[in-house]
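Participant:
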Amino acid sequence: MSQPIDIDIDVAGGPARPPLPGAPRPGVLRRLLRKPAAAVSLAFVAVVAVAGALAPQLTANSPTASEIANALAPMGGNHPLGTDGVGRDVLAQLLYGSRTSLTGALIVVAVSLLIGLPAGVLAGYHRGWFDGLANWLGSLVMALPAIIVLLVVLAQWGRSTALAMTVFGFLIAPGVFRLVRSSVIAVREELYVDAARVSGLGDARIMRRHILPVVVAPTVIQASQLLGIAIVIQAGLEFLGLGSANQASWGGMLSNAFQNVYFAPRLLLWPALAIVLTVTAFCLIGNALRDALGAADAGRRARRRTDAAAGPVVTAAHDAAAQDPPADALLAVQDLHAAYPRPDGTESVVVQGVSLTVRRGEILGLVGESGSGKSQTAFSVLGLLPPQARTSATRLLFDGQDLRGLSPAAMNKLRGRRIGYIPQEPMSNLDPSFRIGAQLTEPMRHHLGLSRAQARTEALRLLERVGIADPARVFASYPHQVSGGMAQRVLIAGAVSCDPDLLIADEPTTALDVTVQAEVLDLLRELQAERRMGVILVTHDFGVVADLCDTVAVMQSGRIVETAPATELFAAPRHPYTRMLLDATLEDSTPRSARAVATPAAPSRSVLDLGGDR
Amino acid sequence: MTAAHPLLEADRVLVDYPVKGWRRPPFRALKGISLTVGAGETVGLVGESGSGKTTLGRAILGLAPVTGGEIRFEGRTISGLGKRERRALSKDIQVVFQDPYTSLNPAMSVGDILTEPLLVDGISRAEAERRVRSLLDEVHLPADAARRLPREFSGGQRQRVAIARALSRDPRLIVCDEPVSALDLSTQSRVLDLLIEIQELTGVAYLFVTHDLSVVRHISHRVAVMYRGEIVEEGDAATVTSEPAHPYTRRLLLAAPVPDPARQAGRRAERHRFLAAQAAPDH
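Chains A and B supply the protein sequences, listed in that same order.
If you read the first sequence in the UniProt record's numbering, its first letter stands for residue 1, the second for the next number, and so on.
If you read the second sequence in the UniProt record's numbering, its first letter stands for residue 1, the second for the next number, and so on.
Right under this line is the structure:
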């Protein structure tokens, strides 16, 4: 896998660093063969296939010729694996049987793909009446009991393995259809398909270049599973005596072995082994394929964080003596580090040496661009980083209590009760299957020990407080029934419900419209003043910072590069990075319509090294 | 020249989306929008979510159904075109989408993404590759970017690739659908400057859809403000974004926080006064 690369592009001066060439990505087959289980399985299937194909060369015996006189012969001599109850050579049957089994399985896969794949692509891409009809037919076929249909067909048209497998392929085609259809629908919604359409690509080309490649992976995985299923079904039919009469088959061998199970139990062994091993091999190949194809996508959105050292840390004078936290400090963090292990054994450091203090009644803005570690810092304080993250700090004091090494249970007690949290995405932080009222009252009943009725009264009061016009209706609603702004108000109500001392808000208004944002900011300001909470506000928006924060800490590449009171920071930013960020805000730029036509397109900020076009 | 006709003209455009359910009336996303974009001009389209601004962009691109009214390109009606004619139009009207992560096919190299529209146009592969090199240069990406996959690039760089794709066939109009709202602050301004630079170089026109008044002020010559499927105010960018006439635009402007604590306090107070004065709030 090639590492995603972050390179610097400077508008004025071309690439700042030569980009690394992407390492060649090993093909799917190579990745597959690297897995021992998959390699062994593939080898086994190959052996079975070769044995089937070369059966006449491998044994002189006919699989169907029976020597009644020589029934149940022991292993050895002319019959290496002995003979069955009617004197047929076991080895020959096994070899010719693998031919039957694999052919049958291939028929099933071919038929189901031939029907399911085009139908799924058409239905998923064009939707409309064809989609409706195909879905309806698919459901109908899926509702039919397969074994009964098979029995009826075979009773009507005679015993034939090929016929049975063709019908079975038809019966499971809806499974393929549904899989293909849903993956096509998923890609069809991707913007790059819209972009291709706007680029003037025809439907056929869009299908071939953009849609089919995405469908291939799940289809190949399902096909390998289908091969296994087909072999089992086929053996079952043959066991019942419904396979072709003059063809050796594993199911037929099983059937004969069962008749002689008291005289020669070993006869069961060979067909059973063949069936179990082949089916297992197909399953393992399917699993490995899924992993191999999935791995190609895993790195899609992964980003490497740059560990580049930032410039000197600038701290305003009043914070310079931050060795000892002030007496009224609500939260004191010193030298906080957080890192994630990479697959290659190294670590990706996301927070390096962050120190900050929040006083009671103070709003601290934690500002930075994506990947600066601001959210990771907030989550470290909350103790909510994923388990693989490694964190350390020389001090992590909340209201005098050391948070380091606190048990999960003790941390849980603090969270919600004394430390509130407001997330960025209101909708994904409400459980869609519970009513809003239940989600609001549960923490209060748990933390504050309120009765159901008390919690309800309190929740209604809170909903009213956060500016919801009809608290009773919202209380009884499910999350999907309210707007995003409303959901964020609900979450704010939840965050302050247990009267916390510290509130951590992670980009609380980023997902909201600007008019709603203004209302939510007003609400946060009022609640904070009312309850004298300390607040950490994580944001990338300097407007939000200016609106709400007393103190600002600017983060870059996991470090705080500058901490200052808000008025000071905006009036006289000291660190070059802060200056660059403030310069990049467009708020005060001259309107384009008022600018001279011949504005040189080289603004002064591009001469700074901006630390990556992230 | 097309003195008689503006480059793009939307004339009382209606867009209805069907609503699930038996005999439910359709949802009207655009309620008779009229708007023009001149050659080489940037028209900003501002609004909040659900205002219909993205729908108008998609209607122009032929990706949303126009149920009434007309969209004309250089005087020729382009709403309700057949697939073949629409494809021919792709040479002139292009798009840059908001999300640079999903607008580039993750399985294709940047080179393939950029050559694809050229090859469709019947240009030879060698010529297409030569053109891609100059396109990459135009958007300030290194030449070897063509060999790499989109995931190897950052958001800002991907957006440059998307811009290069839009530019590949020398379009007359690019619909920019929130092209910088997924980007970081510093990247945002550089991508905007790139768009301005390209416009000054090539004379392409932009319909610039965004929710951000400061972005729209930076890049637009004219601005139209949308609210619930209608344009409530339209005019010179400087005027609309500093002395808005319509109460909704005013509300929008006052709600956007200024990165300066003192001025923001002033704006907040002004907003509270304004809202108090607005006796009848919408809805």
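From the three backbone atoms N, C-alpha and C, an ideal C-beta is built for every residue, glycine too.
Any idea what DSSP makes of residue 274 of chain B, helix, strand or coil?
Facilitator: It is helical.
Participant: How about residue 307 of chain B: is its C-beta nearer than 8 Å to some C-beta of chain A?
Facilitator: For residue 307 of chain B there is no data in the structure shown, the boundaries of chain B being 1 and 283.
Participant: Establish whether the CB of residue 306 of chain A and some CB of chain B are separated by less than 8 Å.
Facilitator: With a pLDDT of only 36 at residue 306 of chain A, under 50, the local geometry of the prediction cannot be trusted, and no value is derived from it.
Participant: Out of curiosity, what's the CA-to-CA distance linking residue 541 of chain A and residue 524 of chain A?
Facilitator: Each residue's Cα considered, the two are about 16 Å apart.
Participant: On a Cα-Cα basis, can you pick out the residue from B/211, B/159, B/9 that is closest to residue 69 of chain B?
Facilitator: Cα-wise, what sits closest to residue 69 of chain B is B/9.
Participant: Rounding to the nearest angstrom, what Cα-Cα distance links residue 272 of chain A and residue 123 of chain A in this structure?
Facilitator: If I take the Cα positions, the gap works out to 41 Å.
Participant: Where does residue 312 of chain A land, buried or exposed, given buried means 16+ other C-beta within 10 angstroms?
Facilitator: Per-residue confidence for residue 312 of chain A stands at a pLDDT of 47, beneath the threshold of 50, marking its modelled position as unreliable; the derived number appears in the next sentence. Residue 312 of chain A is exposed by the Cβ-count criterion.
Participant: Report the CB separation of residue 117 of chain A from residue 146 of chain A in whole angstroms; it is logged as a contact under 8 Å.
Facilitator: With a Cβ gap of about 20 Å, residue 117 of chain A and residue 146 of chain A do not count as contacting.
Participant: Run through chain B and tell me which residues come within less than 7 Å of residue 210 of chain A, C-beta to C-beta.
Facilitator: Simply 105.
Participant: In chain A, which residues lie with their C-beta within 8 Å of the C-beta of residue 135 of chain B?
Facilitator: Within chain A, no residue comes near residue 135 of chain B; the closest Cβ sits about 13 Å away, beyond 8 Å.
Participant: So with Cβ pairs under 8 Å, would you call residue 596 of chain A a contact of chain B?
Facilitator: Since pLDDT at residue 596 of chain A reaches only 48, below the 50 mark, its modelled position is unreliable, and no value is offered.
Participant: Quick check on residue 27 of chain B - is its C-beta less than 8 Å from some C-beta in chain A?
Facilitator: False, the Cβ-Cβ gap to chain A never drops below 8 Å.
Participant: Figure out for me which residue from A/503, A/27, A/235 has the closest Cα to the Cα of residue 330 of chain A.
Facilitator: Among A/503, A/27, A/235, the Cα nearest to that of residue 330 of chain A is on A/503.
Participant: Output needed in chain order: residues of the stretch 183-207 of chain A with a Cβ under 8 Å from some Cβ in chain B.
Facilitator: Against chain B - using a Cβ distance shorter than 8 Å - the residues of the stretch 183-207 of chain A are 190, 191, 192, 194, 195, 196, 197, 198, 199, 200, 201, 202, 203, 205.
Participant: With 16 as the cutoff for other CB atoms within 10 Å, does residue 71 of chain B come out buried or exposed?
Facilitator: With 16 or more Cβ atoms within 10 Å of its Cβ, residue 71 of chain B is classed as buried.
Participant: Measure from the alpha carbon of residue 67 of chain B to the alpha carbon of each residue in B/190, B/134, B/29, then state which is nearest.
Facilitator: Comparing Cα positions, the closest option is B/29.
Participant: Run down chain A in chain order and give the residues with a C-beta less than 7 Å from the C-beta of residue 163 of chain B.
Facilitator: Within 7 Å Cβ-Cβ: nothing; residue 163 of chain B doesn't reach chain A, min ~12 Å.
Participant: With distances taken Cα to Cα, identify the nearest neighbour of residue 356 of chain A among A/564, A/112, A/43.
Facilitator: The shortest Cα separation from residue 356 of chain A among A/564, A/112, A/43 belongs to A/564.
Participant: In three-state terms, what does DSSP make of residue 533 of chain A?
Facilitator: If DSSP states are grouped into helix, strand and coil, residue 533 of chain A belongs with coil.
Participant: Are the stretch 257-272 of chain A and the stretch 70-81 of chain A touching by the rule of at least three beta carbon pairs closer than 8 Å?
Facilitator: Judged by Cβ distances under 8 Å, the stretch 257-272 of chain A makes contact with the stretch 70-81 of chain A, as three or more pairs qualify.
Participant: Whole angstroms is fine: what's the gap from residue 158 of chain B's alpha carbon to residue 94 of chain B's?
Facilitator: If you take the alpha carbons of residue 158 of chain B and residue 94 of chain B, they lie about 17 Å apart.
Participant: Using a Cβ cut-off of 8 Å (strictly closer), state whether residue 132 of chain B contacts chain A.
Facilitator: No, because no Cβ of chain A sits closer than 8 Å to the Cβ of residue 132 of chain B.
Participant: Within the 8 Å Cβ cut-off, does residue 61 of chain B reach chain A?
Facilitator: Taking Cβ atoms only, chain A reaches closer than 8 Å to residue 61 of chain B, which makes this a yes.
Participant: Of all the CB atoms in chain B, is at least one closer than 8 Å to the CB of residue 542 of chain A?
Facilitator: It does; some Cβ of chain B falls within 8 Å.
Participant: Should residue 219 of chain B be labelled buried (16 or more other beta-carbon atoms within 10 Å of its own) or exposed?
Facilitator: With 16 or more Cβ atoms within 10 Å of its Cβ, residue 219 of chain B is classed as buried.
Participant: Sort A/573, A/181, A/559, A/549 by Cα distance to residue 257 of chain B and report the nearest one.
Facilitator: Of A/573, A/181, A/559, A/549, the residue nearest in Cα terms is A/549.
Participant: Comparing C-alpha positions only, which one of A/108, A/64, A/472, A/107 sits nearest to residue 94 of chain A?
Facilitator: The residue with the shortest Cα to Cα distance from residue 94 of chain A is A/64.
Participant: Residue 413 of chain A lies in the alpha helix (DSSP H); which residues open and close that run?
Facilitator: Counting along the chain, the alpha helix (DSSP H) containing residue 413 of chain A begins and ends at 408-414.
Participant: Less than 8 Å between CB atoms is the rule here; does residue 647 of chain A satisfy it with respect to chain B?
Facilitator: Outside the displayed span of chain A (1 to 614) sits residue 647 of chain A, for which this structure offers no information.
Participant: Comparing alpha-carbon positions, which option in B/50, B/15, B/40, B/5 lies nearest residue 512 of chain A?
Facilitator: Answer by Cα proximity: B/50.
Participant: Compare the C-beta of residue 592 of chain A against all C-beta atoms of chain B and say whether one is closer than 8 Å.
Facilitator: Closer than 8 Å: yes.
Participant: Kindly identify the DSSP beta-bridge partner or partners of residue 20 of chain B.
Facilitator: The partner list for residue 20 of chain B (beta bridge, DSSP) is empty, contrary to what the question assumes.
Participant: For residue 136 of chain B and residue 124 of chain B, I'd like the C-alpha separation in whole angstroms.
Facilitator: Looking at the two C-alpha atoms, the distance is approximately 18 Å.
Participant: Helix, strand or coil, according to DSSP, for residue 510 of chain A in the structure here?
Facilitator: The answer is coil: DSSP assigns residue 510 of chain A none of H, G, I, E or B.
Participant: If the cut-off is 7 Å on Cβ atoms, which residues from the stretch 546-572 of chain A count as contacting chain B, listed in chain order?
Facilitator: Hits within the stretch, in order: 546, 547, 566, 567, 570.
Participant: Exposed or buried, what is residue 374 of chain A when buried is set at 16 or more other beta-carbons lying within 10 Å of its beta-carbon?
Facilitator: With 16 or more Cβ atoms within 10 Å of its Cβ, residue 374 of chain A is classed as buried.
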